[in-house]
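Participant: The sequence shown maps to residues 45 to 329 in the numbering used here.
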Amino acid sequence: MIRLSAFADEISPDLHEQITVLKEQGIHYIDLRGVWDTNVLQLNDNQLADIKRELEAEGIGVAAIASPIGKVPVTSSFEEHLQHFERALEVARYLNAPYIRIFSFYPPMLTEATEQGQESTPGIDAYREEIIQRLTVLTRKAEEAGVTLIHENEKLIFGDTIARNVDLLKSINSPRLRGVLDPANYLQCEQQPYPEAYEAISPWLEYVHVKDVNAAGELVVAGAGDGRWPDILRRLRADGYDGFLSLEPHLAAAGEYQGFSGSNLFRKASQALQHLLKEMDWEYA
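(1) Output the residue ranges of the alpha helix (DSSP H) runs that lie fully inside the stretch 233–275 and measure 4 residues or longer, sorted by chain position.
(2) Ordered along the chain, which non-local residues of its own chain (more than five positions away) have a Cβ less than 6 angstroms from that of Pro237?
(3) What's the gap between the Cα of Asp53 and the Cα of Ala110?
(4) With respect to the alpha helix (DSSP H) encompassing Ile216, which residues constitute its N-terminal and C-terminal limits?
(5) Count the CB pairs spanning the stretch 116–124 and the stretch 79–87 that are closer than 8 angstroms, and state whether there are at least three.
(6) Inspect the beta-carbon positions of Ser337 and Leu126 and report whether they are closer than 8 angstroms.
(7) Counting along the chain, where does the alpha helix (DSSP H) carrying Leu126 start and finish?
(8) Which same chain residues, not among the five before or five after Gly161, have their C-beta less than 7 angstroms away from its C-beta?
(9) If I follow the unbroken beta strand (DSSP E) through Phe288, where does it start and stop?
(10) Could you check the C-alpha separation between Asp94 and Gly105 for me, to the nearest Å?
(11) Given a threshold of 16 other Cβ atoms within 10 Å of its Cβ, counted over all protein chains shown, does Gly261 qualify as buried or as exposed?
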């Protein structure tokens, strides 16, 4: 049976408000990205203990640690980034989260080219080998920790397009590195989420982010845009998908490290998804 989860910081920075709305919407899992305006990897041990206690008391599980790992220029210090990744593994183990969301690095920032006297920076493809190497290191550490990394097809990172996403998943070829299907992100990269992206990454598909984009480029609730959500849901069901559908609607704001909807718009996003599921009689928890 599929399970609903949510990036609850889309609702509010306040943990209690996050929990209230999740329970009201019948959502029993969370993708932990931030609480109290603090990123998940910056939360201290006492804060994590408070979060764990509150979530367990309310019967809400942590589906994934929605980390910013890999959302930095590929030319930045990998050793420093590994320290953040080790923290992500610690947090996942502590909160019993089976997944850590990651990205696959940005190309160098324009400021780097300016400092080096270059007129432009190399494209992301020039760093393919370095990116594969870095992601391989992260995957091996995840294998040792018994945690699964899920790669999000975010705009401007290496794995933003269908072809490069397949390239990195196939090249690393580990059951501990799997793919996220984010239809809205594919649309923002002028890629077709269905059937093209779906079929290409289906051998590695293990997680789904729920948001949509219309023809004007506006983020909308699932089914109101060009993401072909009814088709995607029918195909997921036909293919036996039994993972998470995680709401990440970004209806009020979409920033580099997080999006925001607010409680009312989040409710609309949740109700739109659940309406689609009920129309097709697909049971969910």
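The beta carbon of each residue, even a glycine, is placed where N, CA and C say it ideally should be.
Facilitator: In short:
(1) 242–245
(2) On the sequence shown, position 193 is the one that residue 237 refers to. Once the five neighbours on either side are set aside, the close Cβ partners of Pro237 are Pro227, Tyr230 and Gly271.
(3) The sequence position of residue 53 within the sequence shown is 9, counting from 1. The sequence position of residue 110 within the sequence shown is 66, counting from 1. For Asp53 and Ala110, the distance between alpha carbons rounds to 11 angstroms.
(4) The count along the sequence shown starts at 1 and reaches residue 216 at position 172. Per DSSP, Ile216 belongs to the alpha helix (DSSP H) from Ile206 to Ile216.
(5) no
(6) Only positions 45 to 329 of the chain appear in the structure, and residue 337 is not among them; the question remains open.
(7) Along the sequence shown, read from residue 1 onward, the residue named residue 126 stands at position 82. Unbroken alpha helix (DSSP H) run through Leu126: Phe122 to Tyr138.
(8) In the sequence shown, residue 161 corresponds to position 117, counting from 1. Confidence at Gly161 is low in this model, with a pLDDT of 47, below 50, so its placement is unreliable and the value that follows should be read with caution. Cβ neighbours of Gly161 beyond the five flanking positions: none.
(9) Along the sequence shown, one-based indexing puts residue 288 at 244. Unbroken beta strand (DSSP E) run through Phe288: Phe288 to Leu291.
(10) Here residue 94 is taken as the residue at index 50 of the sequence shown, counted from 1. Here residue 105 is taken as the residue at index 61 of the sequence shown, counted from 1. Cα to Cα, Asp94 sits roughly 14 angstroms from Gly105.
(11) Counting from 1 along the sequence shown, the entry for residue 261 is found at position 217. Result: exposed.
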